[in-house]
Amino acid sequence: MCAPTTLLFLWCVCATSFGGASGDVTKSSAPIVVQALNPTGLRISVPDSPGTDVVIINANVNTPIVQRETGQVTGSVLEARDGFWMLETKDITLKIGDVVFYWVYTAKGDKGERREGHQAIYELVEPSCRPSVTTYNNGRTACAGQLLLDENFNSLNLSLWKHRIQFSDDPHLDFATYVDNPENSFVKDGKLHIKATVLNEDELLVPKKLEKCTWTRGGAEWCERNPKGWGILPPTRSAQLTTRDNFSYKFGRLEIRAKAAVGDWLMSQLLLEPQAEVYGRAPAESGLLLISKIRGNQNLVSPEGRLEGASLSITQAHIATCHRILFIFKACELKGKKYSDEMHLYSVIWTPESLKIKLDDCEHEVKPPHGSFLKHGYFKDNCENSPWEKGTHLVPFDQEFYVSFKLIPGGFGLHHDVDISPNGKPKSAIYSEGDPKAPLSFWRHKEIWLPTWTSDLEVDSVKVWAL
């Protein structure tokens, strides 16, 4: 049985209320769906919301439109069908590459919401294709229930998966270089393996430049290191694989079957990361969802005496604006078992209202207050001109995200100093938090932890469906 534990941790310092003009309702996260029909026709669908009385739709093809202008396509929709207010015409023939410009007014009593936008046509769909709020690969529309990603790891598909090649995101966070070496990431028996390995002594002080470095934000330290004295290279290698630039989506159902790695000082991570930093620098201003992070220690105990090794999975949403960051946690604990024992199903139901994360029978919902996360008490009183103000109800989780897997060895802030060995006696910490010599100390004590690295992070399948 998976026992849920809810935690909330707040860190740092500032933010403002979210709203539109007087008389407007809250900005909706649900996208307007534009479909070009095969062989001819145009359908514009506005997601239903409580209290809607009528929806007015106007649109032009390849010609921008302004609010209140009558479009080439125009109409008032008086009732919703299948969760959408739909305007459809057979009088327009569209082709791939056309752009539909639209404005929509949703009336709710004496209030209303005005929205405008445009959508490029990537494909023609059959009239039977029911609309979905899901988008993928930079705004492509999907049919309701459509399977968008079906990865079973018969091979390592490098047209889908991209290695992140760099030194650690933060020089003080973990002790790894992330590489595309076959030793560190490979497919075996229909499963993706991510494996951490240790540098030999003669490699620790050799200057290293990552020729295929994927870091793009500037700062040479992520792509090149010149070790000296006790300031060695990161003492381990590992891998991170992502679908960045090859597959991203907004709203949908994600399922991952995975088994956490086994080993002291290892941490398995399954993530959703923002495809574009629309609201600011990742990971937090544009959002980040740690679907799961699991330590590989088999008997890890916190300073307070809680068992926190491989039997505990943490879900963690990162959201930040105005120099403040909010972490929303939930812990799922397996009683008498570990997440490294066998495959488990990790799922995310991402709707315009919330993200629901489920691990076996343990559930967690990330949902903003009415209005948006800017209404959260942590932000609302101290922030002005947040980039989130241009977002919607679920900002920053109202843009497309991509899937990512990572295995982290060592580091600061990721592990506790106390580990209980199988005989019940505490092991001594091999380095202190923040010690600049910690990577060297970690490597020197490899005889303690390396024998425990007995199983890789394994991923059996990844699937994404449209809502």
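Under mature numbering (1 follows the signal peptide of the UniProt record, and there is no 0), the residues of the sequence shown are numbered -23 to -1, 1 to 444, in order. C-beta atoms are modelled at their ideal positions from N, C-alpha and C, and glycine is treated no differently. Here the structure is a predicted model, which means the values were calculated and not measured.
- For Leu417, the enclosing alpha helix (DSSP H) has its first and last residue at 415 to 421.
- An exposed status is given to Val183, since fewer than 16 other beta-carbon atoms sit within 10 Å of its beta-carbon.
- Excluding the 5 residues flanking it on each side, Asp241 has same chain C-beta neighbours closer than 7 Å at Gly273, Asn274, Asp396, Trp426, Thr429, in chain order.
- Secondary structure at Asp241: coil, using DSSP grouped into helix, strand and coil.
- Remark: C-beta atoms of Leu137 and Phe224 approach each other more closely than 8 Å.
- Three or more beta-carbon pairs separated by less than 8 Å link the stretch 370 to 379 to the stretch 238 to 252, which places the two stretches in contact.
- By the Cβ rule, the stretch 360 to 373 counts as touching the stretch 293 to 304, because three or more pairs are nearer than 8 Å.
- Counting C-beta pairs with one atom in each stretch, the stretch 218 to 237 and the stretch 110 to 117 have three or more that are closer than 8 Å, which means they touch.
- Cβ contact annotation for Asn129 (same chain, cutoff 6 Å, sequence separation greater than five): Ser438, in chain order.
- With respect to the 8 Å criterion, Pro24 and Ala7 are classified as neighbours on the basis of their beta carbons.
- Taking C-beta atoms as the reference points, Lys168 and Val436 count as a pair closer than 8 Å.
- Taking each of Phe61, Lys236, Pro364 in turn and checking the Cα distance to Tyr256, the smallest one comes out for Pro364.
- Inter-segment contact for the stretch 300 to 318 and the stretch 337 to 355 is present: three or more beta-carbon pairs are separated by less than 8 Å.
- Cβ atoms of Tyr355 and Leu303 come within 8 Å of each other, at about 5 Å.
- In the three-state DSSP reduction, Glu198 falls in the helix class (H, G or I).
- Relative to the Cα of Phe163, the nearest Cα in the group Leu181, Trp192, Asn131, Gly74 belongs to Asn131.
- In the structure shown, Asp127 adopts extended strand secondary structure according to DSSP, grouped into three states.
- Cα atoms of Ile34 and Lys333: separation of roughly 32 Å, rounded to the nearest angstrom.
- Closest by C-alpha distance to Gly313, out of Ile326, Pro329, Asn276, His347, is Asn276.
- In the displayed model, Trp430 falls within coil according to three-state DSSP, outside both helix and strand.
- Under the three-state reduction of DSSP output, Phe228 falls in the coil class, being neither helix nor strand.
- Taking C-beta atoms as the reference points, Thr191 and Gln143 count as a pair closer than 8 Å.
- Every beta strand (DSSP E) of 3 residues or more that sits fully in the stretch 245 to 318 is shown, in chain order, as 265 to 272, 289 to 298, 301 to 311.
- A direct Cα-Cα distance of roughly 11 Å separates Phe152 from Ser418.
- Separation of Cys200 and Thr154 (C-alpha to C-alpha, rounded to the nearest whole angstrom) is 10 Å.
- Across the structure, Gly388 and Leu243 are spaced so that their CA atoms are roughly 9 Å apart.
- Around the beta carbon of Asp433, a 10 Å sphere encloses 16 or more other beta carbons of the protein chains shown; the residue is thus reported as buried.
- Distances from the CA of Gly52 to each of Ile233, Leu71, Pro159, Val31 were compared; the closest alpha carbon is that of Val31.
- The beta-bridge partner set that DSSP reports for Glu342 consists of Lys333.
- Here Trp80 is buried. Its C-beta has 16 or more other C-beta atoms within 10 Å.
- Assignment of beta-bridge partners to Ile209 by DSSP yields no partner.
- The Cβ atoms of Asp59 and Arg20 do not sit closer than 8 Å to each other.
- The beta carbon of Ala13 sits closer than 6 Å to those of Leu71, Ile98, Leu101, all from its chain and outside the five residues before and after it, given in chain order.
- The shortest CA-to-CA distance from Ala294 to any of Glu65, Lys165, Gly286, Lys344 is the one to Lys344.
- The bridge partners DSSP lists for Arg92 are Val81.
- Rounded to whole angstroms, the separation of the alpha carbons of Ala235 and Lys335 is 13 Å.
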